[in-house]
Ligand code: MN
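Put into structure tokens, the structure is as follows:
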């Protein structure tokens, strides 16, 4: 495919494209704006004059096209148009950033600098470097969102003109687009661009699928037009009678989202019922917009039966991206369900143009602050130096695509959270300290545990307790990146603190046992207790899972010369490859069951002999209690199929790191001050948490149920022994809830 055009024709074409850029920008351009753009155009034209695109076309076509996307589709102003025209100059030509700053000033230079940095970064190949780049790229969001917006425009144009590229490059660029740029565009509210990026991404990653769906959509175009006409006819008269000015159009689902639907729901193209939506766009005064939307809703549902479970009111509560619209699915003509989207011209513009349109409607301040707070949240996550970049991108993407739910604060303010967020996530979203001290929540005035999964519309008040501390198992249910990083950081801090305490304790104890505290002794102990590091050892002494009796056993072992001799020999020829592997399982010393992760008594099944770390499940036998089987045990399938109700979820844990909920019943004679004694004893025990406490008394007798979090059985035993010592307490029993 040779590119042959005369110089004259080519210059004409460049001039035509440039004029086209100026013709209908989204923002109104002043004379001086036009001057600036002209200057940038001429600068870029000269700078790129020696360069050609892969197609053979002059390079300048690309910056002009990017500037056009920036102006028309994103709707940014002069500064961004200028920066878009110049975006590849520093990267690809002999001009420097200083040249740009000298000619166009500091702001433009800064934006171009950001864009240059990103394009240098994205030349790396490796996936994790890619993720790291992305992280850096997001950091620039904080400097100037325009950098990212122009970068997205750049990517869109590159995707639109990728045919001349070698296939391996197409693959790489397309995957990166699906992985990073489409979610980003989505989050910035650039729905049209996001859709186009996704469709183009699919076109190059799965061409057959893309072409198949594409041609099917083409084939059904006519039918769709007819359907919309049919639909319009029914409601036209009523809408006009009410004095509405409006347009009705059909909106096809994107190829990519059809693909997603076919895959997730396992349906064929023909079976997708909502291939397109009907969109009603009406003229309205700002003060009447919402009222008008519901008037139109009422007209539509007068003629077509609505599906009450599929009403989405994004007008009363817009999405955090600023999206506003009223969606309803109705039984349309020909007995087909069809989604109707009702929105004013202003809402439509915001939906199409996204972020930039907010500038135009200045009174939409809330949406601006919504974006601000999103950027702030992102920055916080980024500034946390822990964790690797791939994790970060995954978390970020989760947050991007997560559907939103809306939660009321006690004062009635609305906050948006990702779907599946828990009360604890919500606590962290209010403030880190509130998250750290979160003990539970009052949801719609009812007391709920911290892992309660929030539902849209819940009113949530967080309950805190000063002695509360983050727990490892919190990580099992939080879904927001923010909560996750905060909990991890706190756990590390706490572990270090406990280890420090433990070290002090150990020094004292060793002294009283006439040992000298030194490195080689500590190494011996680490090996004896099958731990990895001295930190693990100090930590376990600090939290009480290695006790005096264990230390004595160690001392006894050590004084045994014979044992010592063998130990030394074993240590002199360590098989490191195996040690590494075993250590991981070494910590998995205990099973917990069910969603509540209860500690129950169990034995291992003889048929498959599971060991710590294996994938296992519990099976309740009639006579022999709870038996543990491997997932791939020969009997597993038949047990699970025939006695599903007796199968229990089982999970391996490191008992020294975890808290278990244990339920105790306490009874005795009712004495004054008993409850306060009870709570004091429980909380004086190191690292025990009271989850709930219920005491009821009658005729001088009391009954109590206590739920506590403990680390291990020793700790529990110590605690129950201490409770028994309280004057008046008769029995303390552990109960197993079903
Ligand atoms: Mn470019």
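In my numbering, the protein residues as written are 753 to 1490. For every residue, glycine included, the Cβ atom is placed at its ideal position computed from N, Cα and C.
Residues of the same chain with a CB within less than 6 Å of the CB of residue 1485, apart from the 5 flanking positions on each side, are 1417 in chain order. By alpha-carbon distance to residue 1183, the top candidate from 1205, 1213, 949 and 777 is 1213.
Closest in alpha carbon position to residue 1066, among 1374, 1080 and 1362, is 1080. The ligand MN has no heavy atom closer than 7 Å to the beta-carbon of residue 841.
Under the three-state reduction of DSSP output, residue 1056 falls in the coil class, being neither helix nor strand. For residue 939, the closest C-alpha among the options 980, 904 and 806 is that of 904. For residue 805, there is no enclosing alpha helix (DSSP H), as DSSP marks it with neither H nor E.
With 16 or more other CB atoms across the displayed protein chains lying within 10 angstroms of its CB, residue 947 is buried. In this structure, residue 906 has its CB closer than 7 Å to one or more heavy atoms of the ligand MN. For the pair residue 1401 and residue 1346, the Cα-to-Cα distance works out to about 5 Å. In this structure, the CA atom of residue 1371 is about 37 Å from the CA atom of residue 1277. Contact between the stretch 1281-1297 and the stretch 1247-1259 is present: 3 or more CB-CB pairs across the two stretches fall below 8 Å.
For residue 1010, the enclosing alpha helix (DSSP H) starts and ends at 1007-1017. Taking 8 Å as the cut-off, the Cβ atoms of residue 1220 and residue 1244 do not count as close.
In this structure, the alpha-carbon of residue 1170 lies about 42 Å from that of residue 792.
Residue pairing by DSSP places residue 1089 opposite 1083 in a beta bridge. When secondary structure is reduced to three states using DSSP, residue 1485 falls in the strand class. In the DSSP secondary-structure assignment, residue 1198 is bridged to 1195. Residue 957 is a Cβ neighbour of residue 930, given a cutoff of 8 Å. In terms of Cα proximity to residue 1185, the closest of 828, 1216, 902 and 788 is 1216.
Residue 1205 is bridged by DSSP to 1174.
The closest heavy atom of the ligand MN lies less than 7 Å from the beta carbon of residue 818. Residues 831 of the same chain have their beta carbon placed closer than 7 Å to that of residue 859, with the five preceding and five following residues left out of the count. Non-local C-beta neighbours of residue 1167 in its own chain, meaning closer than 6 Å and more than five positions away in sequence, comprise 1159, ordered along the chain.
In this structure, the beta-carbon distance from residue 1446 to residue 1456 falls below 8 Å.
By alpha-carbon distance to residue 1385, the top candidate from 1359, 1270 and 1373 is 1359. Between residue 1431 and the set 1422, 1444 and 1420, the nearest pair of CA atoms involves 1444. Scanning its chain for C-beta atoms nearer than 6 Å, with the 5 sequence neighbours on each side dropped, one finds around residue 1063 the residues 1080, in chain order. The beta-carbon distance between residue 1105 and residue 827, rounded to whole angstroms, is 4 Å. This is short enough to meet the 8 Å contact definition. Taking C-beta atoms as the reference points, residue 812 and residue 773 fail to come closer than 8 Å.
When DSSP reads this structure, residue 1034 sits in a beta bridge with 998 and 1096. Contact between the stretch 967-983 and the stretch 1000-1012 is present, with at least three C-beta pairs closer than 8 Å. Here residue 1310 carries a helix assignment [DSSP, helix/strand/coil]. Distances between the C-beta of residue 1055 and the heavy atoms of the ligand MN are all 7 Å or more. A direct Cα-to-Cα measurement between residue 953 and residue 1357 gives close to 50 Å. Of the other Cβ atoms in all chains shown, 16 or more fall within 10 Å of the Cβ of residue 1239; this residue is therefore buried.
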